[in-house]
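Worksheet for the structure shown next.
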Amino acid sequence: MDPVISITADIVSSYVSNNPIPAAELPDFIGKIHASIRNISDGVADGGPDEIRYAVPVKKSVTPDFIICLEDGKRFKSLKRHIETNYGLTPDQYRKKWNLPSSYPMVAPNYSATRSKLAKSMGLGRKQK
9 MDPVISITAD IVSSYVSNNP IPAAELPDFI GKIHASIRNI SDGVADGGPD EIRYAVPVKK
69 SVTPDFIICL EDGKRFKSLK RHIETNYGLT PDQYRKKWNL PSSYPMVAPN YSATRSKLAK
129 SMGLGRKQK
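The sequence shown: position 79 = 87 (this note's numbering), numbered continuously.
Spelled out as structure tokens, the structure:
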């Protein structure tokens, strides 16, 4: 008997003995288990949990008006507070997790420019006389 089939049968029988599964879903379940084991035995990656899953492509995550969070796909003018509050990540940890360059912005470019103009109009950043 093919060892992949034997291993598949062992895994499926162990799973089904402890977890109810509808009969209609059983063939698909067996097929997925068999394909995964076959891929492992052939040395092919199956896109398991180690694979990074982006909510949006990195190139599309920075727009002039928004930064799109790679964790959940939500749009923000400033990403720092969102990632700290919801994911417990600092900007450096976020960049490292998603393999982003250190120059990856945490603030949308247009928002940054608007805030910069406002600060300059208020005289911030100048030496006092």
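Don't be surprised by glycine CBs; every beta carbon is placed ideally from N, CA and C.
If one requires a minimum length of 4 residues, the alpha helix (DSSP H) runs lying completely within the segment 56-137 are 88-95, 99-105 and 117-129, in chain order. The straight-line gap separating the alpha-carbon atoms of residue 134 and residue 123 is approximately 16 Å. Per DSSP, residue 35 is one residue of the alpha helix (DSSP H) stretching across 34-50.
Scanning its chain for C-beta atoms nearer than 6 Å, with the 5 sequence neighbours on each side dropped, one finds around residue 46 the residues 12, in chain order.
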